[in-house]
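Data first, discussion second: the structure below is written as C-alpha cells.
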Amino acid sequence: DAMVIQNPRYQVTQFGKPVTLSCSQTLNHNVMYWYQQKSSQAPKLLFHYYDKDFNNEADTPDNFQSRRPNTSFCFLDIRSPGLGDAAMYLCATSRDLGRAEQFFGPGTRLTVL
Amino acid sequence: EDQVTQSPEALRLQEGESSSLNCSYTVSGLRGLFWYRQDPGKGPEFLFTLYSAGEEKEKERLKATLTKKESFLHITAPKPEDSATYLCAVQAGGGSNYKLTFGKGTLLTVNP
Chain H
12 DAMVIQNPRY
22 QVTQFGKPVT
32 LSCSQTLNHN
42 VMYWYQQKSS
52 QAPKLLFHYY
62 DKDFNNEADT
72 PDNFQSRRPN
82 TSFCFLDIRS
92 PGLGDAAMYL
102 CATSRDLGRA
112 EQFFGPGTRL
122 TVL
Chain Z
573 EDQVTQSPEA
583 LRLQEGESSS
593 LNCSYTVSGL
603 RGLFWYRQDP
613 GKGPEFLFTL
623 YSAGEEKEKE
633 RLKATLTKKE
643 SFLHITAPKP
653 EDSATYLCAV
663 QAGGGSNYKL
673 TFGKGTLLTV
683 NP
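Same order as they appear, the protein sequences are chains H and Z.
If you use this note's numbering, the first sequence corresponds to residues 12 to 124, in order.
If you use this note's numbering, the second sequence corresponds to residues 573 to 684, in order.
Here's what the structure looks like:
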C-alpha cells in the first residue's frame, strides 16, 4: 500500500542535542509538509517542500530546518532542542498544492530531557 | 486570519446514540474543508473533503455536510471503534492556498 512512513516513532533527546526526524513516502507526491502538534492542540505547519522548493512559515523558529534530498524523503532537523520543542511531529504529503488532500504519517513523538 | 472552531471539545455517547460534531470557520475564500480522524499517538487519517456549500459526503456511519459558515460531521449509530479525535481543517484561496488551518478537534468517546 502507498503510504507515508516516519522514523523513529519515538525519539528521546537531551536539551540542546541536535536531532533529525525522517519521513518517506511511496505516494510519489510533489509536496511534503512538516507539522508540530502539542498535546490537545491543533497541528501547526512548520514548512513544506513543493518538489525542491522550500517554503518556511513565518513563525517557524530558526532552530527548525528541513532537507529534501529526493522526491521520496524529507528530514526535519532540530538544531538545539529546548523543552518547549517536545511534541508530536507529523509529516504529510499531497499530490499538489491547492485543492489536494494531505495524507499524514503516524508521527514521531519527541521527548526532550 | 483564518479561524476554525470545533465544538464540543469532548463528546461522550452510548453505542448507537447518533450525534453531530460542529466545525465553524472564517476564511477568505474557502478552497476546501477537510475532516480527519486522529487516534491517540497516531497521525490524522483523511476522511472527507468538501468544496462548496450544500455538498455532502458519506462513509460508513459518518456523513459530512457544509454550509457557508460551518460544517457538521454526523455520526449515525456509533460504535466504540469510532472513538477518536475528529479534526476539521480549512484551506483558503489566495497566496497560502496550500495551508491547512486546523481546529483543536472534538474528542469522541463511544461507550459500549
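For every residue, glycine included, the Cβ atom is placed at its ideal position computed from N, Cα and C.
Predicted model only: the values in this text are computed from it and were never measured.
Whole-angstrom distance between residue j and residue i, CA atom to CA atom
i        : j        : result
H:Gln113 : Z:Gly588 : 31 angstroms
Z:Glu627 : H:Gly95  : 40 angstroms
Z:Arg603 : H:Gln22  : 36 angstroms
H:Asn66  : H:Ile89  : 17 angstroms
Z:Gln586 : Z:Leu634 : 16 angstroms
H:Val42  : H:Arg78  : 13 angstroms
Z:Gln575 : Z:Val599 : 7 angstroms
H:Thr82  : H:Lys55  : 23 angstroms
Z:Cys595 : H:Leu108 : 23 angstroms
H:Leu124 : H:Cys85  : 25 angstroms
H:Arg120 : Z:His646 : 31 angstroms
Z:Asp611 : Z:Asp654 : 10 angstroms
H:Asp129 : H:His40  : Outside the displayed range of chain H (12 to 124) lies residue 129 of chain H, so it cannot be described from this structure.
H:Gln25  : H:Gln76  : 18 angstroms
H:Leu87  : H:Gly27  : 15 angstroms
Z:Leu593 : H:Arg20  : 30 angstroms
Z:Glu601 : H:Ser105 : Residue identity check: residue 601 of chain Z is Gly in the sequence provided, not Glu. Their Cα atoms are separated by approximately 20 angstroms.
Z:Pro684 : H:Val15  : 33 angstroms
Contact under 8 angstroms by Cβ, residue i with residue j
i        : j        : result
Z:Glu642 : Z:Tyr597 : yes
H:Val30  : H:Pro80  : no
Z:Phe644 : H:Ala53  : no
Z:Lys651 : Z:Val682 : yes
Z:Pro580 : H:Phe115 : no
H:Met99  : H:Gln48  : yes
H:Tyr44  : H:Ala103 : yes
Z:Lys629 : Z:Phe618 : no
For residue j and residue i, believed in contact at Cβ under 8 angstroms, the rounded distance
i        : j        : result
Z:Thr678 : Z:Tyr658 : 5 angstroms
Z:Leu622 : Z:Ala656 : About 19 angstroms; that fails the 8 angstroms criterion.
Z:Ala649 : Z:Ser590 : 6 angstroms
Z:Lys676 : H:Gly118 : That belief does not hold up - the Cβ atoms of Z:Lys676 and H:Gly118 are roughly 17 angstroms apart, past 8 angstroms.
H:Thr122 : H:Ala97  : 6 angstroms
Residue-chain proximity (residue i, chain B), Cβ-Cβ < 8 angstroms
i       : result
H:Ala69 : Considering every chain present, this structure includes no chain B. Its protein chains are H and Z.
Every unbroken beta strand (DSSP E) inside the region 595-629 of chain Z [3 residues or more]: 602-610 and 617-622
Stretch-stretch touch, CB-based, cutoff 8 angstroms, three pairs: the region 665-684 of chain Z with the region 43-61 of chain H: yes
Uninterrupted beta strand (DSSP E) stretches inside the region 25-55 of chain H (no shorter than 3 residues): 30-36 and 42-48
Cβ contact (3+ pairs, closer than 8 angstroms) linking the region 655-667 of chain Z and the region 33-45 of chain H: no
Whole beta strand (DSSP E) elements within the region 60-95 of chain H, 3-residue minimum: 64-67, 75-78 and 84-89
Complete beta strand (DSSP E) runs within the region 629-673 of chain Z (minimum length 3 residues, chain order): 634-638, 642-647 and 656-664
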